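Following our numbering, the numbering of the sequence shown begins with 34 at its first residue and continues without gaps. For each residue, glycine too, the CB sits at the ideal point set by N, CA and C. Keep in mind the model is a prediction, meaning the values are calculated, not measured. Below you'll find the structure, written out as C-alpha coordinates, and then a few comments.
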Amino acid sequence: MAATPPSLYSLLQVPPEASTEQLRSAFRLLSKRFHPDTTELPEAEAATRFRQLQEAMSVLGDPEQRRRYDALLRAQALNREQQQRQKVTVWRPNTDPPARRPLSGGEWFALLLLALALGFSLVLGIGLAWWRGVQVVQGGQALERLSELVDRGKAAVEVSLPMAAAGADHEQSPAAEPTDCPETASAGSL
(Lines of atoms letter the chains of each structure in order from A and count residues from 1; the text may use other names and numbers.)
(Lines give C-alpha, C1' and ligand atoms only; values in the text may rest on other atoms or scores of the structure.)
Protein backbone atom coordinates (compact mmCIF):
# COMPACT_ATOMS: atom_id res chain seq x y z
CA MET A 1 0.00 0.00 0.00
CA ALA A 2 1.41 3.42 -0.96
CA ALA A 3 2.31 5.81 1.83
CA THR A 4 -0.28 8.54 2.23
CA PRO A 5 1.06 12.09 1.98
CA PRO A 6 0.92 14.11 5.20
CA SER A 7 -2.26 16.07 5.69
CA LEU A 8 -2.27 19.82 5.13
CA TYR A 9 -2.92 20.28 8.85
CA SER A 10 0.20 18.30 9.75
CA LEU A 11 2.25 20.36 7.27
CA LEU A 12 1.18 23.52 9.10
CA GLN A 13 1.51 21.70 12.47
CA VAL A 14 -2.00 22.60 13.64
CA PRO A 15 -4.99 20.46 14.70
CA PRO A 16 -7.87 20.02 12.19
CA GLU A 17 -10.16 22.18 14.35
CA ALA A 18 -7.74 25.16 14.28
CA SER A 19 -9.18 28.60 13.57
CA THR A 20 -8.21 30.76 10.59
CA GLU A 21 -6.04 32.95 12.86
CA GLN A 22 -4.16 29.88 14.17
CA LEU A 23 -3.58 28.76 10.57
CA ARG A 24 -2.17 32.19 9.58
CA SER A 25 0.18 32.42 12.57
CA ALA A 26 1.44 28.84 11.99
CA PHE A 27 2.01 29.64 8.30
CA ARG A 28 3.97 32.84 9.14
CA LEU A 29 6.17 31.01 11.64
CA LEU A 30 6.92 28.07 9.33
CA SER A 31 7.40 30.24 6.22
CA LYS A 32 10.15 32.16 8.03
CA ARG A 33 11.83 28.85 8.94
CA PHE A 34 11.58 27.24 5.47
CA HIS A 35 11.85 30.27 3.12
CA PRO A 36 14.69 29.52 0.66
CA ASP A 37 16.35 32.90 1.43
CA THR A 38 16.38 32.52 5.24
CA THR A 39 16.96 28.79 5.94
CA GLU A 40 20.09 26.73 6.39
CA LEU A 41 18.51 23.77 4.53
CA PRO A 42 19.65 22.96 0.99
CA GLU A 43 17.95 25.26 -1.51
CA ALA A 44 15.99 22.49 -3.31
CA GLU A 45 14.60 21.04 -0.05
CA ALA A 46 13.73 24.48 1.30
CA ALA A 47 11.91 25.40 -1.94
CA THR A 48 9.91 22.15 -1.83
CA ARG A 49 8.91 22.62 1.82
CA PHE A 50 7.98 26.29 1.28
CA ARG A 51 5.84 25.38 -1.77
CA GLN A 52 4.01 22.71 0.30
CA LEU A 53 3.31 25.30 3.02
CA GLN A 54 1.90 27.76 0.45
CA GLU A 55 -0.39 25.06 -1.03
CA ALA A 56 -1.62 24.07 2.42
CA MET A 57 -2.40 27.67 3.31
CA SER A 58 -4.16 28.33 0.01
CA VAL A 59 -6.51 25.35 0.57
CA LEU A 60 -7.08 25.78 4.30
CA GLY A 61 -7.31 29.59 4.13
CA ASP A 62 -10.38 29.47 1.82
CA PRO A 63 -13.47 28.32 3.82
CA GLU A 64 -15.08 26.52 0.85
CA GLN A 65 -11.91 24.63 -0.14
CA ARG A 66 -11.27 23.80 3.54
CA ARG A 67 -14.81 22.32 3.85
CA ARG A 68 -14.21 20.13 0.77
CA TYR A 69 -10.76 19.11 2.06
CA ASP A 70 -12.22 18.15 5.47
CA ALA A 71 -14.91 16.07 3.72
CA LEU A 72 -12.19 14.35 1.69
CA LEU A 73 -10.24 13.55 4.90
CA ARG A 74 -13.38 12.10 6.54
CA ALA A 75 -14.08 9.97 3.45
CA GLN A 76 -10.48 8.70 3.44
CA ALA A 77 -10.69 7.85 7.15
CA LEU A 78 -13.98 6.02 6.59
CA ASN A 79 -12.48 4.15 3.64
CA ARG A 80 -9.45 3.10 5.74
CA GLU A 81 -11.78 1.93 8.51
CA GLN A 82 -13.84 -0.13 6.07
CA GLN A 83 -10.68 -1.65 4.61
CA GLN A 84 -9.55 -2.62 8.11
CA ARG A 85 -12.91 -4.30 8.74
CA GLN A 86 -12.65 -6.15 5.44
CA LYS A 87 -9.18 -7.36 6.35
CA VAL A 88 -10.57 -8.79 9.56
CA THR A 89 -13.53 -10.53 7.91
CA VAL A 90 -11.61 -12.01 4.97
CA TRP A 91 -11.10 -15.74 5.56
CA ARG A 92 -7.70 -17.16 4.88
CA PRO A 93 -6.50 -20.63 5.76
CA ASN A 94 -4.53 -20.52 8.96
CA THR A 95 -0.94 -21.49 8.29
CA ASP A 96 0.29 -20.60 11.77
CA PRO A 97 0.44 -23.32 14.39
CA PRO A 98 -2.43 -23.08 16.84
CA ALA A 99 -1.76 -21.13 19.98
CA ARG A 100 -1.41 -23.17 23.17
CA ARG A 101 -4.01 -22.46 25.79
CA PRO A 102 -4.36 -23.67 29.35
CA LEU A 103 -6.62 -26.65 30.03
CA SER A 104 -10.11 -25.90 31.32
CA GLY A 105 -11.55 -27.39 34.48
CA GLY A 106 -13.61 -29.89 32.50
CA GLU A 107 -10.54 -31.06 30.61
CA TRP A 108 -8.62 -31.55 33.87
CA PHE A 109 -11.57 -33.55 35.25
CA ALA A 110 -11.65 -35.73 32.13
CA LEU A 111 -7.91 -36.38 32.48
CA LEU A 112 -8.40 -37.31 36.15
CA LEU A 113 -11.17 -39.77 35.25
CA LEU A 114 -9.00 -41.23 32.50
CA ALA A 115 -6.08 -41.70 34.91
CA LEU A 116 -8.36 -43.29 37.53
CA ALA A 117 -9.85 -45.67 34.95
CA LEU A 118 -6.36 -46.62 33.75
CA GLY A 119 -5.17 -47.21 37.33
CA PHE A 120 -8.26 -49.26 38.19
CA SER A 121 -7.80 -51.35 35.04
CA LEU A 122 -4.16 -52.04 35.89
CA VAL A 123 -4.98 -53.01 39.48
CA LEU A 124 -7.87 -55.21 38.34
CA GLY A 125 -5.76 -56.89 35.64
CA ILE A 126 -2.83 -57.55 37.96
CA GLY A 127 -5.16 -58.72 40.75
CA LEU A 128 -7.01 -61.14 38.49
CA ALA A 129 -3.76 -62.47 37.05
CA TRP A 130 -2.40 -63.03 40.56
CA TRP A 131 -5.61 -64.73 41.71
CA ARG A 132 -5.72 -66.95 38.61
CA GLY A 133 -2.07 -67.81 39.18
CA VAL A 134 -2.88 -68.90 42.72
CA GLN A 135 -5.73 -71.02 41.39
CA VAL A 136 -3.47 -72.69 38.85
CA VAL A 137 -0.88 -73.45 41.51
CA GLN A 138 -3.56 -74.78 43.82
CA GLY A 139 -4.98 -76.80 40.92
CA GLY A 140 -1.56 -78.38 40.47
CA GLN A 141 -1.51 -79.22 44.14
CA ALA A 142 -4.90 -80.90 43.75
CA LEU A 143 -3.48 -83.15 41.03
CA GLU A 144 -0.57 -84.09 43.30
CA ARG A 145 -2.98 -84.92 46.12
CA LEU A 146 -5.04 -87.12 43.81
CA SER A 147 -1.86 -88.91 42.78
CA GLU A 148 -0.97 -89.47 46.45
CA LEU A 149 -4.39 -90.93 47.15
CA VAL A 150 -4.08 -93.29 44.23
CA ASP A 151 -0.60 -94.40 45.25
CA ARG A 152 -1.49 -94.79 48.90
CA GLY A 153 -4.63 -96.78 48.26
CA LYS A 154 -2.91 -98.83 45.63
CA ALA A 155 -6.09 -98.73 43.73
CA ALA A 156 -6.00 -99.48 40.08
CA VAL A 157 -6.97 -96.54 37.99
CA GLU A 158 -7.90 -97.15 34.45
CA VAL A 159 -6.18 -94.75 32.14
CA SER A 160 -7.24 -94.68 28.55
CA LEU A 161 -4.73 -94.55 25.76
CA PRO A 162 -5.44 -90.88 24.96
CA MET A 163 -4.96 -89.96 28.62
CA ALA A 164 -1.69 -91.82 28.70
CA ALA A 165 -0.58 -90.05 25.53
CA ALA A 166 -1.52 -86.72 27.11
CA GLY A 167 0.90 -87.33 29.95
CA ALA A 168 -0.77 -89.49 32.58
CA ASP A 169 2.00 -90.93 34.74
CA HIS A 170 0.28 -94.22 35.64
CA GLU A 171 0.77 -97.16 33.42
CA GLN A 172 -2.17 -99.19 32.29
CA SER A 173 -1.60 -102.85 32.80
CA PRO A 174 -4.00 -105.32 31.25
CA ALA A 175 -3.67 -107.74 34.18
CA ALA A 176 -4.50 -105.22 36.92
CA GLU A 177 -7.43 -106.24 39.01
CA PRO A 178 -9.47 -103.66 40.86
CA THR A 179 -8.99 -103.85 44.62
CA ASP A 180 -10.80 -102.22 47.51
CA CYS A 181 -9.44 -98.95 48.76
CA PRO A 182 -9.22 -98.96 52.55
CA GLU A 183 -9.76 -95.20 52.79
CA THR A 184 -12.85 -94.90 50.63
CA ALA A 185 -14.17 -98.45 51.08
CA SER A 186 -15.06 -98.75 47.47
CA ALA A 187 -14.13 -101.23 44.86
CA GLY A 188 -11.73 -99.66 42.40
CA SER A 189 -13.17 -96.17 42.29
CA LEU A 190 -12.34 -92.99 44.02
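Residues near P69 in its chain [Cβ-Cβ closer than 7 Å; skip 5 each side]: As a position in the sequence shown, residue 69 is number 36, starting the count at 1. Correct list, in chain order: E76, A79, A80, F83.
Quick check on this structure: which residue in P39, F60, L147, L111 has the alpha carbon closest to the alpha carbon of L86? What you label residue 86 is simply residue 53 of the sequence shown in a count that begins at 1. L86 has its Cα closest to that of F60, out of P39, F60, L147, L111.
Buried/exposed call for L44, threshold 16 Cβ in 10 Å: The residue you call residue 44 lines up with position 11 of the sequence shown. So L44 ends up on the buried side.
Is DSSP giving L136 helix, strand or coil here? For the purposes of this step, residue 136 is taken as the residue at position 103 of the sequence shown. Three-state DSSP puts L136 in coil, outside helix and strand.
Would you call the CB atoms of L93 and R99 closer than 7 Å? Locating residue 93 in the sequence shown gives position 60, counting from the first residue. Locating residue 99 in the sequence shown gives position 66, counting from the first residue. In this structure, R99 lies closer than 7 Å to L93 by Cβ.
Put L74 into one of helix, strand or coil per three-state DSSP. For the purposes of this step, residue 74 is taken as residue 41 along the sequence shown, with counting starting at 1. Residue state, collapsed to three classes: coil.
Could you work out which residue in P49, S52, E50, Y42 is closest to L63 when comparing CA atoms only? By 1-based counting over the sequence shown, the position of residue 63 is 30. Per the Cα distances, Y42.
Looking at the structure shown, is P96 part of a helix, part of a strand, or coil, going by DSSP? Numbered from 1 along the sequence shown, position 63 holds the residue referred to as residue 96. In the structure shown, P96 sits in a helix (DSSP, three-state: H, G or I).
In this structure, does DSSP put E177 in helix, strand or coil? Start at 1 with the first residue of the sequence shown, and residue 177 comes out as number 144. If DSSP states are grouped into helix, strand and coil, E177 belongs with the helices.
Other residues of its chain near T72: CB distance less than 7 Å, five sequence neighbours each side excluded: Sequence index remark: in the sequence shown, residue 72 carries index 39 (1-based). Same-chain partners within the cutoff: R66, A79.
State the start and end residues of the unbroken alpha helix (DSSP H) segment that holds T53. Numbered from its first residue, the sequence shown carries residue 53 at position 20. Note, T53: alpha helix (DSSP H), 53-67.
At the level of alpha carbons, what is the spacing between P131 and P38? Working through the sequence shown from its first residue, we reach residue 131 at position 98. Working through the sequence shown from its first residue, we reach residue 38 at position 5. Looking at the two C-alpha atoms, the distance is approximately 38 Å.
Could you compute how far the alpha carbon of Q46 sits from the alpha carbon of D95? Here residue 46 is taken as the residue at index 13 of the sequence shown, counted from 1. Here residue 95 is taken as the residue at index 62 of the sequence shown, counted from 1. Each residue's Cα considered, the two are about 18 Å apart.
Just the Cα atoms here: how many angstroms apart are S229 and Q115? Examination of residue 229 is not possible in this model, given that the chain is present from 34 through 223 alone.
Could you tell me how far apart the beta carbons of D103 and P49 are, in whole angstroms, since I believe they sit closer than 8 Å? Here residue 103 refers to the residue found at position 70 of the sequence shown. Here residue 49 refers to the residue found at position 16 of the sequence shown. The Cβ separation is near 7 Å, so the contact holds.
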